[in-house]
Every structure is written in structure tokens, then in C-alpha cells.
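J.:
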Amino acid sequence: MFNVVSQEHRMVSETVQRLFKDLKAADTEKRQRNGSRIDSAVVGQALQDLGLFGTSADEAFMVSPQVQAIVALEAGASALPFPVLEALATHATMLSVGYTADADSGGIITLSTASPKLSELPVFEGGRLSGSCPLVSFPQVAGRALIEARQEMGSVLLVVDLGNPGVTRRRRESVETDYCLDDLTFDQVAALPLTGAVASTSDSSAFLRQRVALLAAAEIAGACRSLVKMTQEYLLTRSQFGQVLGANQVLKHAIADNLVSVEAMTASIEFAAAALDAGECDADAAVCAAKLYAGRAGKAVADSSLQLHGAIGYTNEYHLHILMRRVYRLAASCGSGRIQSERLFEMFKQGVLND
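Just so we're aligned: the sequence shown equals residues 846 to 1200 in this note's numbering.
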């Protein structure tokens, strides 16, 4: 049996917690001072300084599923505007195929959070990319992106410089307004395949989708953890009719249910990440189940937290909505509940889940 959380992982968790706590404090101060949020580049630089986006072979520990899930969970808890899961997933994918030449510069790489069908992917032919790619996160910060495209013999992952001629951007409106998402259009743009072999590129695409789903689930769990904490603090400080709201048994039960959901989410994510690290045969199914449950339970926790706050939860000045928007966006993207359900059903039919 594999070890779910080691001492090294606890040390990483403590370090990342301190980092995001400081960044969140700076973000809160900036919002209170002038109504704006912390620059996403500041978040990226802080994470780079910790070596969390390293791609050399001696930094393999930092791109393991368990370590990356820890970082994504803390990112969700802070809900800072920066593509953490996208950058982590792309660098892990590049390391998995030994593609480090263009990544050693330390630049952030992003990706699309949509889950299009093969027929909807842009076309890669003759070294050129044409078509559209929706919902690419923070392209102005990243500069480069991993784009999945279709070619004659299947799909291929491409490293695309978003500053190349022929790349056009259109800002996409999202439920999370301060999380930048662009729809990109490519017109004969030069692109570099992640690997040369078709079989390897197909495996890389599956690896990327799997890692993105795991990290999205972790971000949802982190956001929900903060929602529960915020709600608990509110119920223990807000008074009505001479007693705090938290003394009401109905409200106690509601927040207890939310806490149970968060713990269940966290457990499923830790199991899935550990299964990936251990190379278990059902690791892919565990990731699908974790993302499916996190998406469904996360929305329920967010809705419940809003209701428990009453009218103040609907105000823009109260920061509950920042976490709620993160949960709603991630639940619908990076492999929605419908997509994860279909994948689990296919695995069941193939006998992957019978053991």
C-alpha cells in the first residue's frame, strides 16, 4: 500500500501555506486600499522562486501529483488570480516526455481549460497550426501555451509562442471575472510538437488531461475549505436576538455537512494523487472520481455557504463571491462532471474498475 501523505509532503504543504497566506494578505490589503487585486505576475514569481515550476530531472519531486495537488489546494484556498493549475500541469507534462530545452528559461506556460472533442481541435499540418482554441488562461502572463491539435493520425500537443504572427485573442467573459480567459485563433502559426512520435503525443495528451483534472479538483477543495472557514467565522461573530448565529442547531448541522464534504473531497484527491505517484492501475479512475465528486460537492458547499451568510453573502464587497466563482468555473471546466462520468463508465465497461 502506498503512503498517502509523507513527511516531505507535509513540509511542502507548510511552506506553500505560508506563501499563499502572505500573498493573500497582500491581495486583501490592495483590495481594501484601492479596490484592485494583486498582480498575477507577483504570484507567478513567488511560485517560481520556490522552484514549483521546475522542469529539470533533478526537480521531479516538485512535479509529482501529490506535491502539485498540495500547491493547487492552497491556490484554491486563496483564489488568487493566476493560472496555477495550468502552469503546474504543463510543466509536469513537459517533464514527463523529457522536453526541457525550451522550459529551462523558467517562463510560465498555460493551456486551454476547455475539453473539446477531437473534431473541434485546431489543425496542425506542415508545421503550422490553424483553427481556434477556447478558454486559454492568462495568455498575457504566460506567453506560451500547450495546445492540443489534431493531425492525420490523431492528436498532438504543441508548444506555441503566443507572440507569433497569426495569433489573435478575444477576451472571454467568465463567471470569475478577474480570472483572464481568452479564445485564441491561429492562422498558419508556427508550432513545435512536444514529441515526434504519434503514440507518445497521444499519451502526453492523456497525461495532461489527467493532471489538469486532478489539480482542478484540488483547487475546488481548497476554495471550499476557505468557504467553510469563512462561514464558520461569520456564524460565530454575527449575533441576532441576543445570541450568535452559530448557536442555532440547524446552522450547526449545515456547516458540519459542508465540512464533511470538504474532508471527503480532500481524501479522494489525496488518494488519486498517491495512486498516480505509485502507478496504480486504477489511478485514472481515481482522478475521474475525485474531479466528479469535487465538482458536484463543491457547488453544493458554495451554495450552502452563500445561504448561511444571508444577505451579506450577495454583496460584492464581501469576498465570499471570489471563492464561489472559482468553484463554479472549475466545476464546469477542466473536464466537467458529464465528461468524468462518461470516462468512468467507459472504464467500467472495459473492466478497469472490476479489480
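Glycine residues also receive a C-beta, built at the ideal position from the N, C-alpha and C atoms.
Between arginine 1171 and alanine 924, how many whole angstroms is the CB-CB distance? I'm expecting something under 8 Å.
T.: Against the sequence shown, residue 1171 aligns to sequence position 326. Against the sequence shown, residue 924 aligns to sequence position 79. Yes, arginine 1171 and alanine 924 are in contact; Cβ-Cβ is about 5 Å, under 8 Å.
J.: What's the C-alpha gap between valine 1034 and proline 1010?
T.: Working through the sequence shown from its first residue, we reach residue 1034 at position 189. Working through the sequence shown from its first residue, we reach residue 1010 at position 165. Their backbone Cα atoms lie some 7 Å apart in a straight line.
J.: By the 10 Å Cβ neighbour count, where 16 or more other Cβ atoms means buried, how is threonine 938 classified, buried or exposed?
T.: Position 93 of the sequence shown, counting from 1, holds the residue named residue 938. Threonine 938 comes out buried.
J.: Is proline 984 helix, strand or coil when you go by DSSP?
T.: Taking the sequence shown and counting its residues from 1, the one referred to as residue 984 is at position 139. Helix at proline 984.
J.: Identify every residue that forms a DSSP beta bridge with arginine 1015.
T.: Within the sequence shown, numbered from 1, the residue matching residue 1015 stands at position 170. Paired residue(s): Asp1028.
J.: Going by C-alpha distance, which of Gly1124, Asp1027, Gln1055 is nearest serine 1019?
T.: Within the sequence shown, residue 1019 is the residue found at index 174, counting from 1. Nearest C-alpha to serine 1019: Asp1027.
J.: Report the option in Ile883, Val912, Asn879 whose CA atom is closest to the CA atom of glutamate 859.
T.: Looking up residue 859 in the sequence shown gives position 14. Answer by Cα proximity: Val912.
J.: Here's the rule I'm using: 16 or more other beta-carbon atoms within 10 Å means buried, otherwise exposed. How should aspartate 894 be labelled?
T.: As a position in the sequence shown, residue 894 is number 49, starting the count at 1. It is exposed - the Cβ of aspartate 894 has fewer than 16 other Cβ atoms within 10 Å.
J.: What are the residues that DSSP puts in a beta bridge with glutamate 1187?
T.: Against the sequence shown, residue 1187 aligns to sequence position 342. Beta-bridge pairing links glutamate 1187 to no other residue.
J.: Could you give the residue range of the alpha helix (DSSP H) that holds glutamate 853?
T.: For the purposes of this step, residue 853 is taken as residue 8 along the sequence shown, with counting starting at 1. Start and end: 852 to 879.
J.: For a test of the three-state rule: what should DSSP assign to isoleucine 954, helix, strand or coil?
T.: Here residue 954 refers to the residue found at position 109 when the sequence shown is read from its first residue. Correct three-state label for isoleucine 954: strand.
J.: With valine 1146 and serine 1106 assumed to form a contact (beta carbons below 8 Å), what rounded beta-carbon distance in angstroms separates them?
T.: Mapped onto the sequence shown, residue 1146 falls at position 301. Mapped onto the sequence shown, residue 1106 falls at position 261. Rounded, the Cβ-Cβ distance is 5 Å, consistent with contact.
J.: Determine, using beta-carbon pairs with one atom in the region 953 to 966 and one in the region 979 to 986, whether at least three such pairs fall under 8 Å.
T.: Touching, yes.
J.: Between the alpha carbons of alanine 1120 and alanine 1101, how many angstroms are there, rounded?
T.: Reading the sequence shown from its first residue, position 275 is the one you call residue 1120. Reading the sequence shown from its first residue, position 256 is the one you call residue 1101. Cα-Cα distance, rounded: 29 Å.
J.: Taking alanine 959 as part of the alpha helix (DSSP H), name the residues at either end of that continuous run.
T.: As a working mapping, residue 959 is identified with position 114 in the sequence shown. Unbroken run through alanine 959: none, as it is neither H nor E.
J.: Excluding the 5 residues preceding and the 5 following alanine 1063 in the sequence, name in chain order all residues of the same chain whose CB lies nearer than 6 Å to its CB.
T.: For the purposes of this step, residue 1063 is taken as the residue at position 218 of the sequence shown. Hits under 6 Å: Ala914, Ala917, Leu918, Ile1114.
J.: Is the CB-CB distance between glycine 1140 and glycine 1196 below 8 Å?
T.: As a first step, residue 1140 must be located in the sequence shown, where it is residue number 295. As a first step, residue 1196 must be located in the sequence shown, where it is residue number 351. Cβ atoms of glycine 1140 and glycine 1196: not closer than 8 Å.
J.: Cutting at 8 Å between CB atoms, please list the residues of its own chain near valine 1089, excluding the five before and the five after it.
T.: Taking the sequence shown and counting its residues from 1, one reaches residue 1089 at position 244. Within the same chain, valine 1089 has close Cβ partners Leu1080, Leu1081, Thr1082, Arg1083.
J.: Got a sec? Which residues, its chain only, sit under 6 Å from serine 1150 by beta carbon, not counting five neighbours each side?
T.: Against the sequence shown, residue 1150 aligns to sequence position 305. Correct list, in chain order: Leu1072, Thr1076.
J.: Which one of Ser851, Phe1052, Asp1032, Lys1136 has the shortest CA to CA distance from serine 1186?
T.: Position 341 of the sequence shown, counted from the start, is the residue given in the question as residue 1186. The shortest C-alpha separation from serine 1186 is found at Lys1136.
J.: Which first and last residues belong to the beta strand (DSSP E) in which leucine 991 is found?
T.: Position 146 of the sequence shown, counted from the first residue, corresponds to residue 991. 989 to 996 is the extent of the beta strand (DSSP E) around leucine 991.
J.: Keeping to the same chain, check which residues put their C-beta closer than 6 Å to that of alanine 1176; ignore five residues upstream and five downstream.
T.: Along the sequence shown, one-based indexing puts residue 1176 at 331. Answer for alanine 1176: Gly1140, Gly1143, Lys1144, listed in chain order.
J.: Glycine 921 and glycine 1067 - do their beta-carbons sit closer together than 8 Å?
T.: Counted from its first residue, the sequence shown places residue 1067 at position 222. Counted from its first residue, the sequence shown places residue 921 at position 76. It is a contact, given that the beta carbons lie within the stated cut-off.
J.: Rounded to a whole number of angstroms, what is the C-alpha to C-alpha distance between leucine 1096 and tyrosine 1024?
T.: Numbered from 1 along the sequence shown, position 251 holds the residue referred to as residue 1096. Numbered from 1 along the sequence shown, position 179 holds the residue referred to as residue 1024. Cα to Cα, the separation comes out at about 32 Å.
J.: Would you identify the three-state DSSP class for leucine 974, choosing helix, strand or coil?
T.: For the purposes of this step, residue 974 is taken as residue 129 along the sequence shown, with counting starting at 1. Strand, per DSSP.
J.: Please go through the same chain and pick out, in chain order, the residues whose beta-carbon is closer than 7 Å to the beta-carbon of alanine 886, but skip the five residues on each side of it.
T.: Locating residue 886 in the sequence shown gives position 41, where the first residue counts as 1. Counting only Cβ-Cβ distances below 7 Å, and skipping sequence neighbours, we find Val986.
J.: Does the Cβ-Cβ distance between leucine 974 and leucine 956 come in under 8 Å?
T.: Counting from one through the sequence shown, the residue named residue 974 turns up at place 129. Counting from one through the sequence shown, the residue named residue 956 turns up at place 111. Going by C-beta atoms, leucine 974 is not nearer than 8 Å to leucine 956.
J.: Does DSSP classify glutamine 911 as helix, strand or coil?
T.: The sequence position of residue 911 within the sequence shown is 66, counting from 1. Helix at glutamine 911.
J.: Using the Cα positions of lysine 866 and alanine 1134, report the straight-line distance between them to the nearest angstrom.
T.: Taking the first residue of the sequence shown as position 1, residue 866 is located at position 21. Taking the first residue of the sequence shown as position 1, residue 1134 is located at position 289. Straight-line Cα distance between these residues: approximately 29 Å.
J.: Start and end of the beta strand (DSSP E) containing leucine 1003?
T.: Working through the sequence shown from its first residue, we reach residue 1003 at position 158. Note, leucine 1003: beta strand (DSSP E), 999 to 1006.
J.: When we look at the beta-carbon of phenylalanine 927 and count the other beta-carbons within 10 Å, is it buried (16 or more) or exposed?
T.: As a first step, residue 927 is located in the sequence shown; it is residue number 82 there, counting from the start. Per the 10 Å Cβ criterion, buried.
J.: In chain order, what are the residue ranges of uninterrupted alpha helix (DSSP H) at least 4 long that sit wholly in the region 1031 to 1091?
T.: With a minimum length of 4 residues, the continuous alpha helix (DSSP H) runs that stay inside the region 1031 to 1091 are 1043 to 1082.
J.: Which same chain residues end up closer than 8 Å to alanine 1104 when comparing Cβ atoms and leaving out the 5 residues on each side of it in sequence?
T.: Taking the sequence shown and counting its residues from 1, the one referred to as residue 1104 is at position 259. Position check: residue 1104 holds leucine in this sequence, whereas alanine was assumed. Counting only Cβ-Cβ distances below 8 Å, and skipping sequence neighbours, we find Val1073.
J.: With DSSP collapsed to three states, give me the class of valine 968.
T.: Translated into positions along the sequence shown, residue 968 becomes position 123. In the structure shown, valine 968 sits in a strand (DSSP, three-state: E or B).
J.: For the candidate residues Arg1188, Arg882, Gly952, whose alpha-carbon lies nearest to that of serine 960?
T.: For the purposes of this step, residue 960 is identified with residue 115 of the sequence shown, where counting begins at 1. Serine 960 has its Cα closest to that of Arg1188, out of Arg1188, Arg882, Gly952.
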